[in-house]
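*Asks:* Take a look at this one; I'll ask things after.
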Amino acid sequence: MQEKSSSLKRGEQISKRTHKEAIAVSLDQAEEFSGINKHTLRKLIKKGYIKAFRTGLGKQGKLLICTAEIKNFIALREAEEGGR
Numbered sequence: 003m004q005e006k007s008s009s010l011k012r013g014e015q016i017s018k019r020t021h022k023e024a025i026a027v028s029l030d031q032a033e034e035f036s037g038i039n040k041h042t043l044r045k046l047i048k049k050g051y052i053k054a055f056r057t058g059l060g061k062q063g064k065l066l067i068c069t070a071e072i073k074n075f076i077a078l079r080e081a082e083e084g085g086r
């Protein structure tokens with residue numbers, strides 16, 4: 003049988019998760035990150051355009067927003083504006 007050529011040595015594994023940025027951020031951080039104000043972000047979450055979840059404490063818990071969702075929304079919005 004042929005040996006598989008690999009740059010990995012025995013015992014080394016490829017990390018499937020290599021996050022270099024935050025996965026979820028608070029509403030304040032999302033506002034700074036995206037340039038979209040808090041009120042608009044809350045409306046987008048309510049309409050389902052952006053996924054978010056709450057930390058504990060029910061309604062008093064903080065909203066955490068997925069950064070990938072914000073990036074996807076901004077990219078879609080720019081694509082729509084570019085197509086007009």
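Reading the sequence shown from the start, the letters are residues 3 to 86 in our numbering. Backbone N, C-alpha and C define an ideal beta-carbon position, used for all residues, glycine too. Given the structure is predicted, the values throughout are model-derived calculations rather than measurements.
Between which two residues does the alpha helix (DSSP H) holding I76 run?
*Replies:* Residue mapping note: residue 76 aligns to position 74 of the sequence shown, counting from 1. From DSSP, the alpha helix (DSSP H) with I76 extends over 69-85.
*Asks:* Runs of 3 residues minimum, wholly inside the stretch 28-65: which ones carry the beta strand (DSSP E) assignment?
*Replies:* 54-56
*Asks:* Distance, Cα to Cα, F75 vs Y51?
*Replies:* The residue given as residue 75 occupies position 73 in the sequence shown. The residue given as residue 51 occupies position 49 in the sequence shown. Looking at the two C-alpha atoms, the distance is approximately 7 Å.
*Asks:* Cβ of R56 within 6 Å of any heavy atom in the ligand FMN?
*Replies:* Among the components of this structure there are no ligands whatsoever, and the ligand FMN is therefore not found.
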